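Residues 238 to 696 in this note's numbering are what the sequence shown spells out, letter by letter.
Even glycine gets a Cβ: it sits at the ideal position worked out from N, Cα and C.
The structure displayed is predicted, hence computed values, not measured ones.
Input: a single structure, listed below in structure tokens.
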Amino acid sequence: RFRLELVHCPLSRTRRPPAGAPFPARYIMIARYTRPEMAELWSLESRYRAWLEVELAVCEAWHEQGVISVEDMAAIRDKAAINVDRIEEIEATTRHDVIAFLTSLEEKIGPAARFIHLGCTSSDIVDSAGALLLVRAGERLLEDFDLVLDALKKFSLGHKGLICMGRTHGIHAEPTTYALKFAGFHAEFQRHRERFAAAVEDIRVGKISGAVGTYAFLSPDIERRACEILGLKPDTISTQIIQRDRYAHYFTALAVAGGGIERLCTELRHLQRTEVHEVEEGFAKGQKGSSAMPHKRNPISAENLCGVARLLRGNALAALENQALWHERDISHSSVERVIMPDSTILMDYALHRLASLINGLRVLPENIERNLWGSHGIFFSQRVLTTLIGKGLPRQETYVMVQRCAMESWESGRPFPDIVRGDAEITKHLSRHELDLLFDTSYYTRYENVSLSRVFGD
238 RFRLELVHCP LSRTRRPPAG APFPARYIMI ARYTRPEMAE LWSLESRYRA WLEVELAVCE
298 AWHEQGVISV EDMAAIRDKA AINVDRIEEI EATTRHDVIA FLTSLEEKIG PAARFIHLGC
358 TSSDIVDSAG ALLLVRAGER LLEDFDLVLD ALKKFSLGHK GLICMGRTHG IHAEPTTYAL
418 KFAGFHAEFQ RHRERFAAAV EDIRVGKISG AVGTYAFLSP DIERRACEIL GLKPDTISTQ
478 IIQRDRYAHY FTALAVAGGG IERLCTELRH LQRTEVHEVE EGFAKGQKGS SAMPHKRNPI
538 SAENLCGVAR LLRGNALAAL ENQALWHERD ISHSSVERVI MPDSTILMDY ALHRLASLIN
598 GLRVLPENIE RNLWGSHGIF FSQRVLTTLI GKGLPRQETY VMVQRCAMES WESGRPFPDI
658 VRGDAEITKH LSRHELDLLF DTSYYTRYEN VSLSRVFGD
């Protein structure tokens with residue numbers, strides 16, 4: 238009566254995909270949050286291809302030093318190929334994926350395969366290939382960041398001069414504009430991109446230094462040349478592995494960017510509340526918001542992305558805990574990285590694309606923005622009145638009490654704050670009618686909008 242279906246683990250040795258699957262089950266993450274391009278990068282086939290790239294680069298380095306003959310190198314180049322099914326079959330016996338991989342190559346290449354993996358240890362291959370995959374994933378994610386930045390810039394500049402209520406503690410503070418609000422998010426995402434770009438460069442290193450990193454059966458020249466072929470930098474000094482502070486940098490950069498996604502989406506969730514209702518997410522024809530309530534239009538994209546940010550933070554913690562390994566290496570990091578390397582990059586790829594789509598499809602409701610702006614009866618002008626009176630020479634604390642009294646009366650009675658100020662004898666003896674009119678002009682709050690926008694977007 239019930240059917241149990243396996244959810245395939247990252248980079249696992251799994252069965253064949255079910256019929257009709259959108260992509261092979263060897264891919265990582267659930268299909269709902271996986272875009273095909275990033276899924277392909279993290280398939281088992283792709284992982285083994287990256288291993289083969291490293292093995293071939295090392296062979297080329299040996300060949301250039303005269304260790305591998307022209308004929309043997311030609312055989313290696315021509316015959317080396319990946320057969321995932323055969324690798325899985327061998328690993329079922331060896332219980333060692335690198336040995337299974339090497340055995341399958343030997344079967345294909347023949348006698349020249351004796352030069353593959355010469356002087357290497359498994360981590361030379363796995364860590365260098367891991368760097369290739371993380372760099373390639375990172376380069377795609379940097380393009381994804383650009384999609385979000387473009388969407389934020391377009392949205393911000395498209396809403397110049399749209400005055401809205403700024404809120405602190407969730408309470409009306411003073412006016413700002415939608416352009417400034419979203420320019421702030423653009424500036425933040427530019428920092429997220431810069432941090433992650435630095436992390437991608439930090440992970441762009443390989444190691445071909447052999448067991449415990451002493452080059453006993455290799456040489457620094459072999460490592461240098463192999464890394465050059467791969468487009469990597471040799472690690473400054475490695476043990477049997479590349480040290481995991483580099484990985485921690487990469488995954489914490491993703492987590493910090495995830496925090497930025499959550500901050501933006503939390504703002505969008507608030508702005509979509511019925512009581513606020515200044516923006517709406519796109520709602521497609523035929524879309525449903527609730528199984529029970531036909532009227533519902535929920536902020537599902539923003540909520541979904543807040544959840545994704547939590548996963549990215551959790552994976553970053555695992556990366557931080559991977560830093561402390563025993564002596565020259567242990568294997569406790571391996572199981573963690575088989576999960577977080579594909580899952581975090583796949584999640585971020587999904588999140589950035591969905592976020593860009595969310596921003597591009599956002600509907601703004603100016604009439605509600607205007608309603609909310611004046612919903613607190615204009616008490617946001619209080620600091621304007623305060624500073625003007627102080628400029629007339631009145632003591633600050635005495636003036637604060639005067640203005641606060643008017644603000645509280647406005648809030649409790651619902652009468653417009655400007656009207657109460659105009660009728661206050663203590664205030665009007667210091668300010669003329671013309672001066673009062675100037676105080677209650679909202680354009681005062683937007684006079685430096687262009688300056689702030691030029692700092693973010695340039696002239």
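Quick one: does the C-beta of F433 sit closer than 6 Å to a heavy atom of the ligand HEM? Ligands displayed in this structure: none; no statement on the ligand HEM is therefore possible.
DSSP three-state call for I185: helix, strand or coil? The structure shown has nothing for residue 185, since the chain only spans 238 to 696.
Runs of beta strand (DSSP E) wholly within the region 282-334 (minimum 3 residues, chain order): Scanning the region 282-334 for uninterrupted beta strand (DSSP E) segments of 3 residues or longer gives nothing; none is fully contained.
Should the region 637-644 be regarded as contacting the region 657-675, the criterion being three or more beta carbon pairs within less than 8 Å? Touching, yes.
Quick check: the region 337-357 against the region 451-466, are there 3 or more CB pairs under 8 Å? The region 337-357 is in contact with the region 451-466.
Considering only residues of the same chain and omitting the five flanking positions on each side of R550, which have a CB-CB separation below 6 Å? These residues qualify, in order along the chain: A492.
G496, DSSP secondary structure in three states: Here G496 sits in helix by DSSP.
C-beta atoms of D387 and K444 nearer than 7 Å: No.
Under the rule that 16 or more other beta-carbon atoms within 10 Å means buried, what is N687, buried or exposed? Under a 10 Å Cβ-count criterion, N687 is classified as exposed, with fewer than 16 other Cβ atoms of the shown protein chains found around its own Cβ.
With respect to the alpha helix (DSSP H) encompassing R642, which residues constitute its N-terminal and C-terminal limits? For R642, the uninterrupted alpha helix (DSSP H) segment begins and ends at 633-650.
Closest by C-alpha distance to Y270, when choosing among D674, M585, E649: When only C-alpha atoms are compared, the closest one is M585.
In angstroms, rounded to a whole number, what distance separates the CA positions of G630 and M645? Approximately 24 Å between the Cα atoms of the pair.
With a threshold of 6 Å on Cβ separation, who are the neighbours of I606 within its own chain once the five nearest residues in sequence on each side are excluded? So the qualifying residues of the chain are C401, E515.
Output the distance between the C-alpha atoms of C543 and F426, rounded to the nearest integer angstrom. Their backbone Cα atoms lie some 16 Å apart in a straight line.
If contacts are defined as beta-carbon pairs under 8 Å, then L278 and A374 qualify, I think. What distance do you get, rounded to the angstrom? With a beta-carbon spacing of about 6 Å, L278 and A374 fall inside the 8 Å limit used to define contacts.
Relative to the C-alpha of E380, which candidate in R404, A366, E431 has its C-alpha closest? E380 has its Cα closest to that of E431, out of R404, A366, E431.
CB-CB under 8 Å to F694, same chain, minus the five flanking residues each way: which ones, in chain order? Here the set comprises K390, S393, L394, A420, H423.
contact_flag[the region 565-573, the region 505-519] where n(CB pairs < 8 Å) is 3 or more: No: fewer than three Cβ pairs fall under 8 Å.
Quick check: the Cα distance between H486 and Y587, rounded to an integer number of angstroms? Cα to Cα, H486 sits roughly 21 Å from Y587.
Going by DSSP, what residues sit across from E517 in a beta bridge? Beta-bridge partners assigned by DSSP to E517: R600.
Alpha-carbon to alpha-carbon, S680 and S701: Lying outside 238 to 696, the shown extent of the chain, residue 701 is not represented and no answer is given.
Using the Cβ count rule (16 or more neighbours within 10 Å means buried), how would you classify Y685? It is exposed - the Cβ of Y685 has fewer than 16 other Cβ atoms within 10 Å.
Cβ neighbour criterion (16 or more within 10 Å) applied to T330: By the neighbour-count criterion, in which 16 or more other beta carbons inside 10 Å mark a residue as buried, T330 falls on the exposed side.
Same chain, Cβ closer than 7 Å to M275, five either side skipped, listed in chain order: The residues are A374, R377, T582, I583, D586.
Taking buried to mean at least 16 other C-beta atoms within 10 Å of its own C-beta, is R483 buried or exposed? Buried, by the Cβ-count rule.
How many Å lie between W299 and F433 at the Cα? Rounded to whole angstroms, the separation of the alpha carbons of F433 and W299 is 35 Å.
Nearest-angstrom beta carbon gap, E499 and A546 [assumed within contact, 8 Å]: Correct: roughly 4 Å between the Cβ atoms.
Have a look at E328 and E282 and give me their C-alpha separation to the nearest angstrom. One C-alpha to the other measures close to 15 Å.
Contact check, L562 vs L467 under 8 Å by CB: the rounded distance? About 24 Å; that fails the 8 Å criterion.
Going by DSSP, which residues form a beta bridge with P412? Assignment of beta-bridge partners to P412 by DSSP yields M402.
C-beta atoms of R534 and F520 nearer than 7 Å: Taking C-beta atoms as the reference points, R534 and F520 count as a pair closer than 7 Å.
Going by DSSP in three states, K391 sits in which element: helix, strand or coil? Three-state DSSP puts K391 in a helix.
How would you call T473, buried or exposed, if buried means at least 16 neighbouring beta carbons within 10 angstroms? T473 comes out exposed.
Just to confirm before moving on: does the CB-CB distance between I324 and R286 stay below 7 Å? Judged by beta-carbon spacing, R286 lies beyond the 7 Å limit of I324, meaning their Cβ atoms are not closer than that value.
Tell me the DSSP secondary structure of G551 in three-state form. Here DSSP, grouped into helix, strand and coil, assigns G551 to helix.
In the DSSP assignment, find the alpha helix (DSSP H) that holds N687 and state where it starts and stops. Segment 686-694, the alpha helix (DSSP H) holding N687.
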